[in-house]
Amino acid sequence: MKDTFYITTPIYYTNWVPHIGHSYTSLICDVITRYNKISGKQVKFCTWVDENSQKALQSAEEANMKIEPYLDMMADKHKAVWDWLGIEYTDFIRTTEPRHHEFVREVLQKSFDNGDIYEWEYEGMYCVWCEAFKKDDDLVFLNKTSKETFPISPKVKESDNIIKVCPDHLKTPDIIKEKNYFFKLSKYEDKLKKLYKDRPDFVMPSDRFNEVIAFTDRWLEDFSISRETNTFGIKLPFDESQVTYVWYDALFNYLTVCEKPHLTPTLSYEEREKLQKESSAFWPADLHVVGKDIIRFHAIYWPAMLMSAGYELPKNILTTWFFTVDGQKISKSLGNVIDPVEFTQKYSKDLLNLYLLSSFNIWQDWDFDQSQAVLTYNAKLANNLGNLVNRVVVLSLKLDENAGKLDWKISNTDMLQMRIAMVELSKEHMKQYDLKWAIDAMFTFLSVLNKYTDETQPWNLLKTNQEEAREVLYALAEWLRQVWLCLYPFFPEKMSEMFEKLWLEWYRESLENWWLKELQDRQETFHIKEKWNNLFERIEVE
Ligand code: ME8
Numbered sequence: 450m451k452d453t454f455y456i457t458t459p460i461y462y463t464n465w466v467p468h469i470g471h472s473y474t475s476l477i478c479d480v481i482t483r484y485n486k487i488s489g490k491q492v493k494f495c496t497w498v499d500e501n502s503q504k505a506l507q508s509a510e511e512a513n514m515k516i517e518p519y520l521d522m523m524a525d526k527h528k529a530v531w532d533w534l535g536i537e538y539t540d541f542i543r544t545t546e547p548r549h550h551e552f553v554r555e556v557l558q559k560s561f562d563n564g565d566i567y568e569w570e571y572e573g574m575y576c577v578w579c580e581a582f583k584k585d586d587d588l589v590f591l592n593k594t595s596k597e598t599f600p601i602s603p604k605v606k607e608s609d610n611i612i613k614v615c616p617d618h619l620k621t622p623d624i625i626k627e628k629n630y631f632f633k634l635s636k637y638e639d640k641l642k643k644l645y646k647d648r649p650d651f652v653m654p655s656d657r658f659n660e661v662i663a664f665t666d667r668w669l670e671d672f673s674i675s676r677e678t679n680t681f682g683i684k685l686p687f688d689e690s691q692v693t694y695v696w697y698d699a700l701f702n703y704l705t706v707c708e709k710p711h712l713t714p715t716l717s718y719e720e721r722e723k724l725q726k727e728s729s730a731f732w733p734a735d736l737h738v739v740g741k742d743i744i745r746f747h748a749i750y751w752p753a754m755l756m757s758a759g760y761e762l763p764k765n766i767l768t769t770w771f772f773t774v775d776g777q778k779i780s781k782s783l784g785n786v787i788d789p790v791e792f793t794q795k796y797s798k799d800l801l802n803l804y805l806l807s808s809f810n811i812w813q814d815w816d817f818d819q820s821q822a823v824l825t826y827n828a829k830l831a832n833n834l835g836n837l838v839n840r841v842v843v844l845s846l847k848l849d850e851n852a853g854k855l856d857w858k859i860s861n862t863d864m865l866q867m868r869i870a871m872v873e874l875s876k877e878h879m880k881q882y883d884l885k886w887a888i889d890a891m892f893t894f895l896s897v898l899n900k901y902t903d904e905t906q907p908w909n910l911l912k913t914n915q916e917e918a919r920e921v922l923y924a925l926a927e928w929l930r931q932v933w934l935c936l937y938p939f940f941p942e943k944m945s946e947m948f949e950k951l952w953l954e955w956y957r958e959s960l961e962n963w964w965l966k967e968l969q970d971r972q973e974t975f976h977i978k979e980k981w982n983n984l985f986e987r988i989e990v991e
């Protein structure tokens, strides 16, 4: 088997259809996967739905449906969004699948046998919508009349109008007193600290990692892994009256796909063995991409749970920040949810990809602004890239001899060096999962190419020196080819179309067969046969 690359999205809840925030995470995974695939890796890109939850039950009830058809419907809706957006996952897993239940019970039993899981009477506040126990510090006051929230302080008294709520869901947590099983996180404190020291890039970006480390330094409390009152989910193998919830259930899905591949009964023994071996080769995962809301669970609970069950740890965790819309948290109740399908139907997938990946640093919260998205698209794809492509096409067709055929070598060594530097820079950024930098490097290079075109004025050269005009146009076409190769993971459809138009219709297949480097190292002959329609039409800002 080739080098493997395994990447995961979070396991999304199914009580809603993915919105623009979920799409952001999935899109990052998609681009990183494509890059690794064309660079020669055997990729596994898993996305999923987190189904065994109380909130799924509540949502099914609200929809007046039985839980099974509700979950089937929501899983289909999730898949439909990803398929529409062109997210090319290799596996879509549901946590209600029997193979997952079987696997979670196996790991729970291992940790129980190790003495890492124990029983305890627990009393506390529980937010069903977060699926998490809460402490006073985690809550805020809500003024029911003004709908304002503010920090809890001893100076303010609770009343009918001032209530304590979860800041994310603005709902009062339930008070719960029940028998729970707990995971002995405290036992793993030293091992976690050693992990963070030995692997300084375990969590990226570093600011988030520092927060995780600071949290671990302050306080590592054992956490509850089961509920007595939950009825839906995976039963504990050592106490069937309890159901595990959220973290054991959801996180281990990342491993289920490696440890328990789909083995259909028609497979022979040898085929099963082979599949099993191939799947397990993907663990440890190369990258979990998660939002800042769940980084502690991934960076603290998850490694400890894996150590306890005897598995290797994932290599990296990339953390994204959050989008707001009109400065507000995205929420169904506020009615500000942006549906990525509607959005891309109205504008385009290229516009969404460009805006999400080039406008936002992943280490900052950002406001999603539709007008800004259009302006970014017009400036970068329509003007910077689209106009340059049009110029090269139109001018090449005006060459006297062999119009549209460009087969000269680049003689300008400075420019050749610049091209090599640009490709190397893009590669470095992609390896670091710095998608914004990778894409920015391309558009900066395109600005340089536009400037070069203005300076060399090939439209004048066509009248005075055809040979020089051909050389300039060849250089531009060759640099564009390199830019398209670097932009391919971001805009696979459009870049393939561009290659086709330059007589390079075999590029897509070659890229999908891992040939990025070979294509980057080639020097091509281009054949432009006709004027093209603009591939990136300008969009009017509303
Ligand atoms: O937390 N901006 O699932 P979930 C950016 N099932 N990203 C956003 C976002 C926003 N406004 N809103 C959501 C769960 N996301 C658990 C995970 S994993 C073992 C279990 C993205 O459906 C972001 O990646 O609430 C966030 O971490 C994830 O969706 C939460 O998805």
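Going by my numbering, the sequence shown runs without a break in its numbering and finishes at 991.
By construction, the Cβ of each residue, glycine as well, lies at the ideal position given by its N, Cα and C atoms.
None of these values were measured; they are calculated from a predicted model.
Heavy atom of ligand 1 less than 7 Å from the Cβ of residue i, yes or no?
i: Phe-771; result: yes
i: Ala-699; result: yes
i: Ile-779; result: yes
i: Asp-540; result: no
i: Ile-460; result: yes
i: Asp-617; result: no
i: Thr-693; result: no
i: Val-706; result: no
i: Ile-487; result: no
i: His-471; result: yes
i: Lys-872; result: The displayed chain sequence assigns Val, not Lys, to residue 872. No, since every heavy atom of ligand 1 falls outside the 7 Å radius drawn around the Cβ of Val-872.
i: Gln-623; result: According to the sequence as given, residue 623 is Asp; it is not Gln. Checking every heavy atom of ligand 1 against the Cβ of Asp-623, none is found closer than 7 Å.
i: Gly-682; result: no
i: Gly-784; result: no
i: Val-480; result: no
Using the beta-carbon count (16 or more within 10 Å), is residue i buried or exposed?
i: Ile-766; result: buried
i: Ser-747; result: A quick correction: the sequence has His, not Ser, at residue 747. Buried, by the Cβ-count rule.
i: Gly-470; result: buried
i: His-527; result: buried
i: Tyr-567; result: exposed
i: Glu-500; result: buried
i: Val-661; result: buried
i: Glu-920; result: buried
i: His-711; result: exposed
i: Asp-883; result: buried
i: Val-682; result: As written in the sequence, residue 682 is Gly, which differs from the Val given in the question. The residue is buried, with at least 16 neighbouring Cβ atoms inside 10 Å.
i: Thr-769; result: buried
i: Arg-657; result: buried
i: Glu-979; result: exposed
i: Ile-869; result: exposed
i: Trp-751; result: buried
i: Gly-784; result: exposed
Could you check whether residue j and residue i sit closer than 8 Å to each other, using their CB atoms as the reference points?
i: Lys-1000; j: Gly-535; result: For the chain, the structure presents residues 450 to 991; residue 1000 sits outside this window and is missing.
i: Phe-701; j: Val-842; result: no
i: Pro-789; j: Pro-467; result: yes
i: Val-498; j: Thr-463; result: yes
i: Ala-524; j: Arg-548; result: no
i: Phe-582; j: Leu-634; result: no
i: Leu-830; j: Tyr-473; result: no
i: Thr-902; j: Arg-840; result: yes
i: Cys-576; j: Pro-622; result: yes
i: Ala-822; j: Ser-560; result: no
i: Leu-837; j: Leu-898; result: yes
i: Leu-846; j: Leu-922; result: no
i: Ile-977; j: Leu-951; result: yes
Rounded to a whole number of angstroms, what is the C-alpha to C-alpha distance between residue i and residue j?
i: Tyr-956; j: Gln-491; result: 19 Å
i: Phe-985; j: Glu-677; result: 56 Å
i: Met-754; j: Asp-540; result: 23 Å
i: Ile-625; j: Leu-762; result: 33 Å
i: Ile-487; j: Glu-967; result: 10 Å
i: Asp-639; j: Phe-948; result: 53 Å
i: Thr-482; j: Leu-934; result: 15 Å
i: Ile-674; j: Glu-546; result: 20 Å
i: Pro-938; j: Lys-876; result: 12 Å
i: Lys-636; j: Gly-564; result: 10 Å
i: Thr-598; j: Asn-832; result: 44 Å
i: Asp-856; j: Asn-983; result: 24 Å
key: Stretch-stretch touch, CB-based, cutoff 8 Å, three pairs: the region 585 to 601 with the region 610 to 617   = yes
query = Just checking, does the region 694 to 708 make contact with the region 725 to 735 on the three C-beta pairs under 8 Å criterion?
reply = yes
ask   = Three or more C-beta pairs closer than 8 Å, one from the region 802 to 813 and one from the region 884 to 894: is that the case here?
value = yes
request  = Determine, using beta-carbon pairs with one atom in the region 924 to 942 and one in the region 891 to 899, whether at least three such pairs fall under 8 Å.
outcome  = yes
ask   = Are the region 594 to 612 and the region 573 to 582 touching, with three or more C-beta to C-beta distances below 8 Å?
value = no
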